[in-house]
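The structure appears below as structure tokens.
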Amino acid sequence: MSVRSGESNNLFAKFADDTTVVGLINHNNESNYREEVSQLAEWCRDNNLSLNVQKTKEIVVDFRRASTQHPPLTINGDAVERVSSTKFLGVHLTEDLSWSCNTASLAGKAQQRLYFLRKL
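Sequential numbering from 96 applies to the sequence shown in my numbering.
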């Protein structure tokens, strides 16, 4: 059996041993998103899988002029850390969806590799 999203506004993206929950929150109603995360935690528990809350991150992308403060997400009673940027499958994502963080990271890697090539 595989874990699947029951809501059309939510998506589970799985890669190797990582699972990402992407949720679209409409009209400030976070209940479906929070329920999906709760069901994922329950599914992990039922299938003897550990969900490491310390490695779990939440990023909120909100383009509204008057963004609302969202209560912290909890998994098994532990609060999930909210971050302004994170790395997903090698791509740096920020809460404003700008490319500056990702571009800076790629430029740094390129500069490092060019340095090593010059040393050859």
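Heads up, the beta-carbon is just placed ideally off N, CA and C, and yes, glycines get one too.
Check residue 203 in the structure and name its three-state DSSP category.
Position 108 of the sequence shown, counting from 1, holds the residue named residue 203. Three-state DSSP puts residue 203 in a helix.
Need the endpoints of the alpha helix (DSSP H) that residue 113 sits in, please.
As a first step, residue 113 must be located in the sequence shown, where it is residue number 18. Segment 113-118 is the beta strand (DSSP E) holding residue 113; no alpha helix (DSSP H) there.
Determine, using beta-carbon pairs with one atom in the segment 197-210 and one in the segment 159-166, whether at least three such pairs fall under 8 Å.
no
Where does residue 106 fall in DSSP's three states?
As a working mapping, residue 106 is identified with position 11 in the sequence shown. DSSP places residue 106 in strand when its eight states are reduced to three.
Within the segment 125-182, note down every full alpha helix (DSSP H) run reaching 4 residues or more, in order along the chain.
126-141
Please state whether the Cβ-Cβ distance between residue 132 and residue 155 is less than 7 Å.
Numbered from 1 along the sequence shown, position 37 holds the residue referred to as residue 132. Numbered from 1 along the sequence shown, position 60 holds the residue referred to as residue 155. No. Outside cutoff.
Pop quiz: residue 178 and residue 214 are said to be a contact at Cβ under 8 Å. What is the actual Cβ separation, rounded to whole angstroms?
Position 83 of the sequence shown, counting from 1, holds the residue named residue 178. Position 119 of the sequence shown, counting from 1, holds the residue named residue 214. Not a contact, Cβ separation roughly 35 Å.
Other residues of its chain near residue 174: CB distance less than 6 Å, five sequence neighbours each side excluded
What you label residue 174 is simply residue 79 of the sequence shown in a count that begins at 1. Apart from sequence neighbours up to five positions away, the residues of its chain that approach residue 174 with a beta-carbon distance below 6 Å are 167, ordered along the chain.
Rounded to the nearest angstrom, what separates residue 206 and residue 196 at their Cα positions?
Counting from one through the sequence shown, the residue named residue 206 turns up at place 111. Counting from one through the sequence shown, the residue named residue 196 turns up at place 101. Rounded to the nearest whole angstrom, the CA to CA distance from residue 206 to residue 196 is 15 Å.
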